[in-house]
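Engineer: One point on numbering: in the working numbering, the residue at position 173 of the sequence shown is 429, and numbering is uninterrupted.
Idealized CB from N, CA, C, for every residue including glycine.
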Amino acid sequence: MAARTHVHLDAVGGAAGDMFVAALLDARPDLADRVFADIGAVLPEGLGKPALAAGMSGGIAVRRFGLESEGSTPPSHAQDPGHPHGVHYASLVRRIEGAKLHAGTAAEALAILASLARTEARLHGVSVDDVHFHEIGDWDSLMDVVAAGSVAAALAPCTWSVSALPRGDGFVRTHHGVLPVPAPASAALLEGFRFRDDGVGGERVTPTGAGILAHLTKGAPFPKGSFVLRATGNGAGTRDIPGMPNILRAMVYEASQGAAIGDEVIVIAFDVDDMTGEEIGVASDRLRALEGVVDLTLGQRWGKKGRPVADFRLLVMPESHDAVREACFRETSTLGLRETRETRTVLPRKPGTVAVEGVGVRVKRAVRPGGGTTVKVESDDLAGHGSLAERRRLKALGESEGGA
């Protein structure tokens, strides 16, 4: 049975695009040729070439990633705050789509960019097409996004997890002015992630780093199950943190292909017999949207006095249990809840994006025992397309493309 890869990201000092790339290439140096070729296909000539440099951070051997000029200057990833960067989302998409990249790189990189664009659009009240990037508008950050996409595609099918992130403190100067830390874009992308306060201020997670983490890990903690550690890598940032290595550590594990991952969920169940169908619909939508709610299902049966009864059943992550419990009482008329803790077994899944007749459609890939992969298209992405027959045709096409 073939091996399956799981990568855990340990945000010791923080997370940024260059730290992610450096950590993964330190752990998997065999990917460097592929990643550097993809970067070279996207960046204009004359900017330099991508490079890894060895160094130290907090007494630990590390790698730093950046652009190396024609001389022997070490890789640099620092921006000149006085230099006006910025580019429209659409132009970055065209540059990536027009480049000759390895299989899967474009889809992964475009998915990261899309999450950043949606976040910027929401924060600034504009459409996605009108988003003008500043924090990721320079060539260094575009390089990070493409490199991260190349790594993700090369490791697929791979599952990802991340430690609690350092919160940081204070303010950061941006092209939008002085903003609180975490920057609004980073904070929006990292909703649902776990944070810790280690007493060290400053910006600890950059918007590009947040976009990569949001796309790959969704904030998932290290899964339960049996894994063998195969490689580690340390990617360092440019900042020195007294008494602490400023690194993002990548830990590459191996498990049996298709091996299920175990975790625990809280099952919350209750009945209501005095709410209208419309009220039940609103309540279920609100509960389903809560952080930590894995799933919500509704059943129907007949209760005493011939009343129609709606059965609510929620699967909730343990860390969100208290908040969801309170919401159940707030959003419905129930007077009591039945709660049990259950162990579940899930197959490894990986989100991605495929192009269906020129439109990006989100998919989920599941690795089955024996190494087979099944693909499920996100139905919301097809909701605006024509008739049922047309949506079914596009669904079949997307799932065929996603499994290729």
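1. Excluding the five sequence neighbours on either side, which residues of its own chain have a C-beta within less than 6 Å of the C-beta of D266, listed in chain order?
2. Run through the DSSP bridge pairs and tell me what F526 is partnered with.
3. Can you find at least 3 beta carbon pairs, one from the segment 275-289 and one from the segment 438-445, that sit closer than 8 Å?
4. Apart from the five residues on each side of it in sequence, which residues of its chain come closer than 8 Å, Cβ to Cβ, to L446?
5. Is G405 helix, strand or coil when you go by DSSP?
6. Alpha carbons only, please: which of D527, E535 and L571 is nearest the one belonging to W558?
7. Since A359 contacts A409 with CB under 8 Å, what's their CB separation in whole angstroms?
8. Rounded to the nearest angstrom, how far is the Cβ of K606 from that of C414, given a contact under 8 Å?
9. Using CA coordinates, which residue listed in H431, G481 and D425 is at the minimum distance from G455?
10. Between the beta-carbon of V229 and the beta-carbon of G640, is there less than 8 Å?
11. Does DSSP put T629 in a helix, in a strand, or in coil?
12. Residues in its own chain within less than 8 Å of A279 by CB, not counting five upstream and five downstream?
13. If A511 sits next to S482, beta carbons under 8 Å apart, how far is it from one beta carbon to the other, in whole angstroms?
14. Hey, is R423's beta-carbon within less than 8 Å of any beta-carbon in chain C?
15. Is it buried or exposed for P306, if we count other Cβ within 10 angstroms and need 16 for buried?
16. Reducing DSSP to helix, strand and coil, say where M507 ends up.
17. Can you tell me the Cα-Cα spacing of A404 and E364, whole angstroms?
18. Return the chain-ordered ranges of every alpha helix (DSSP H) run that is complete within the segment 292-378 and spans a minimum of 4 residues.
19. Using beta-carbon positions only, say whether R586 and V523 come within less than 8 Å of one another.
20. Roughly how many angstroms lie between the CA atoms of E376 and A367, to the nearest whole one?
21. Could you tell me which residues DSSP puts in a beta bridge with A267?
22. Compute the distance between the beta-carbons of V610 and L571, then report whether it is under 8 Å.
23. Can you tell me the Cα-Cα spacing of G393 and E595, whole angstroms?
24. Just to confirm, are T464 and G269 a CB contact at a threshold of 8 Å?
25. Can the beta-carbon of R581 be found less than 8 Å from the beta-carbon of D529?
26. In the structure shown, what three-state DSSP assignment does A444 receive?
27. Could you spell out the range, first to last residue, of the alpha helix (DSSP H) harbouring L472?
28. Do W395 and L303 have their C-beta atoms closer together than 8 Å?
29. Within the continuous beta strand (DSSP E) that includes G616, where are the two ends?
30. For E613 and S643, I'd like the C-alpha separation in whole angstroms.
31. Applying the 10 Å Cβ sphere with the 16-neighbour rule, what's the burial state of K356?
32. R648 to L638, Cα distance in whole Å?
33. Give the DSSP-derived three-state secondary structure of S576 in the structure shown.
34. Report all residues from its chain with a CB closer than 7 Å to the CB of D336; omit the five preceding and five following residues, and keep chain order.
35. To the nearest angstrom, how far is it from the Cα of A444 to the Cα of E459?
36. Starting from F427, trace the beta strand (DSSP E) in both directions and tell me its first and last residue.
Structural biologist: Per the coordinate set shown:
1. As a working note, residue 266 is residue 10 in the sequence shown. So the list reads S419 and R505, once near-sequence residues are dropped.
2. For this step, residue 526 is matched to residue 270 along the sequence shown. F526 is bridged by DSSP to F568.
3. no
4. Taking the sequence shown and counting its residues from 1, the one referred to as residue 446 is at position 190. Once the five neighbours on either side are set aside, the close Cβ partners of L446 are L421, P438, V461, A466, L469, A470 and G475.
5. As a position in the sequence shown, residue 405 is number 149, starting the count at 1. Helix at G405.
6. On the sequence shown, residue 558 is found 302 positions in, with the first residue counted as 1. Its Cα nearest to that of W558, the residue D527 stands out among D527, E535 and L571.
7. Counted from its first residue, the sequence shown places residue 359 at position 103. Counted from its first residue, the sequence shown places residue 409 at position 153. Rounded, the Cβ-Cβ distance is 7 Å, consistent with contact.
8. Locating residue 606 in the sequence shown gives position 350, where the first residue counts as 1. Locating residue 414 in the sequence shown gives position 158, where the first residue counts as 1. Indeed, because the Cβ distance is near 7 Å, the residues count as touching under 8 Å.
9. If you number the sequence shown from 1, residue 455 lands on position 199. Answer by Cα proximity: D425.
10. Because the chain here runs from 257 to 660, residue 229 falls outside it and cannot be looked at.
11. Taking the first residue of the sequence shown as position 1, residue 629 is located at position 373. Looking at T629 - three-state DSSP - the assignment turns out to be strand.
12. For the purposes of this step, residue 279 is taken as the residue at position 23 of the sequence shown. These residues qualify, in order along the chain: L265, R319, G489, N490, G491, I503, L504, R505 and A506.
13. Reading the sequence shown from its first residue, position 255 is the one you call residue 511. Reading the sequence shown from its first residue, position 226 is the one you call residue 482. With a Cβ gap of about 7 Å, A511 and S482 count as contacting.
14. Structure shown: chain C not included; a single protein chain is present.
15. In the sequence shown, the residue the question calls residue 306 occupies position 50. Counting Cβ neighbours within 10 Å, P306 comes out buried, since at least 16 surround it.
16. The residue you call residue 507 lines up with position 251 of the sequence shown. M507 falls in the strand class under three-state DSSP.
17. The residue labelled residue 404 in the question sits at position 148 within the sequence shown. The residue labelled residue 364 in the question sits at position 108 within the sequence shown. A404 and E364 have their C-alpha atoms roughly 8 Å apart.
18. 345-353
19. Here the question's residue 586 lines up with position 330 in the sequence shown. Here the question's residue 523 lines up with position 267 in the sequence shown. Against a cut-off of 8 Å, the Cβ pair of V523 and R586 comes out as no contact.
20. Translated into the one-based positions of the sequence shown, residue 376 becomes position 120. Translated into the one-based positions of the sequence shown, residue 367 becomes position 111. So the two alpha carbons sit approximately 14 Å from each other.
21. Residue mapping note: residue 267 aligns to position 11 of the sequence shown, counting from 1. Residue pairing of A267 in beta bridges, as defined by DSSP: L504.
22. By one-based count along the sequence shown, residue 610 stands at place 354. By one-based count along the sequence shown, residue 571 stands at place 315. It is not a contact, given that the beta carbons lie outside the stated cut-off.
23. Locating residue 393 in the sequence shown gives position 137, counting from the first residue. Locating residue 595 in the sequence shown gives position 339, counting from the first residue. Model confidence at G393 stands at a pLDDT of 48, short of 50, so the residue's coordinates are unreliable; what they give is reported in the following sentence. The alpha-carbon of G393 is positioned some 48 Å away from that of E595.
24. By 1-based counting over the sequence shown, the position of residue 464 is 208. By 1-based counting over the sequence shown, the position of residue 269 is 13. No; because the gap between Cβ atoms is not below 8 Å, this pair is not in contact.
25. Along the sequence shown, read from residue 1 onward, the residue named residue 581 stands at position 325. Along the sequence shown, read from residue 1 onward, the residue named residue 529 stands at position 273. Contact flag unset, no.
26. As a position in the sequence shown, residue 444 is number 188, starting the count at 1. Note: A444 maps to helix in three-state DSSP.
27. As a working mapping, residue 472 is identified with position 216 in the sequence shown. Element bounds for L472: P463 to L472.
28. The residue you call residue 395 lines up with position 139 of the sequence shown. The residue you call residue 303 lines up with position 47 of the sequence shown. Against a cut-off of 8 Å, the Cβ pair of L303 and W395 comes out as a contact.
29. For the purposes of this step, residue 616 is taken as residue 360 along the sequence shown, with counting starting at 1. Looking at the DSSP string, the run of the beta strand (DSSP E) that includes G616 is V615 to V623.
30. On the sequence shown, residue 613 is found 357 positions in, with the first residue counted as 1. On the sequence shown, residue 643 is found 387 positions in, with the first residue counted as 1. Near 16 Å, if we compare the C-alpha coordinates of S643 and E613.
31. The residue given as residue 356 occupies position 100 in the sequence shown. Under this definition K356 is an exposed residue.
32. For the purposes of this step, residue 648 is identified with residue 392 of the sequence shown, where counting begins at 1. For the purposes of this step, residue 638 is identified with residue 382 of the sequence shown, where counting begins at 1. Spanning the two alpha carbons is a distance of roughly 9 Å.
33. By one-based count along the sequence shown, residue 576 stands at place 320. Reduced to three states, the DSSP call for S576 is helix.
34. On the sequence shown, position 80 is the one that residue 336 refers to. Low per-residue confidence applies at D336: pLDDT is 39, beneath 50, and the placement is therefore not dependable, though the value from the model is reported in the following sentence. Closer than 7 Å at Cβ, skipping near neighbours: no residue.
35. The sequence position of residue 444 within the sequence shown is 188, counting from 1. The sequence position of residue 459 within the sequence shown is 203, counting from 1. Their Cα atoms are separated by approximately 15 Å.
36. Position 171 of the sequence shown, counting from 1, holds the residue named residue 427. Counting along the chain, the beta strand (DSSP E) containing F427 begins and ends at F427 to T430.
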